[in-house]
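Numbering (this note's numbering), first residue to last: 277 to 450.
Quick look at the structure:
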């Protein structure tokens, strides 16, 4: 597993940039935006579909460890950045991890299928989850709003500095 040194964090700029190991464009303002919407320790955040763990590790670093974030991913996906104790495995992309029931927040970044968001909400709506963050392409917002509205007391669409022109963040309070 590769460790994320300060040299990589230093490569993150004020302007959204693509990174080979992340679906989203990353910028310092985007990391700060996400961090401001996530609950801080001791609350647990579960990032479903964490991929390489790059974004999650950057979020932990940019908050100086004040976000307790764990990733959920399938075994075939190579985790490069998250320490093994911060990674939960599921057998396939449609599987739910039971530890998400204990999370205060769920985060989805460019999920392969919107149905996984719906399945987590339906399965764990009586759990500890109070907030859900979704980061993806703006064209997918209507579908995500349809999924989130029945479970949300409020839904915020965040679009602006730090995000690529075609990306947005949805923040649902559950």
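Ideal Cβ placement from N, Cα and C applies to all residues, glycine included. Fair warning: this is a prediction, and the values are worked out from it, not measured in the lab.
Residue 404 is not a Cβ neighbour of residue 314, given a cutoff of 9 Å. Of all C-beta pairs linking the segment 436–443 to the segment 301–312, three or more are shorter than 8 Å, placing the two stretches in contact. The straight-line gap separating the alpha-carbon atoms of residue 357 and residue 388 is approximately 21 Å. In the structure shown, the three-state DSSP call for residue 406 is coil. Beta-carbon to beta-carbon, residue 300 and residue 331 are separated by about 7 Å, close enough to satisfy the 8 Å threshold. Judged by DSSP secondary structure, residue 399 falls within the alpha helix (DSSP H) whose first and last residues are 390–400. According to the DSSP assignment, residue 444 belongs to no alpha helix (DSSP H) but to the beta strand (DSSP E) extending over 443–449. Each residue's CA atom was taken as its position, placing residue 428 and residue 333 some 28 Å apart.
Taking the CA atoms as reference points, residue 339 sits about 16 Å from residue 322. Looking at 447, 379, 289 and 372, the one whose alpha-carbon comes closest to that of residue 346 is 379. If you draw a straight line from the Cα of residue 430 to the Cα of residue 422, it is about 13 Å long.
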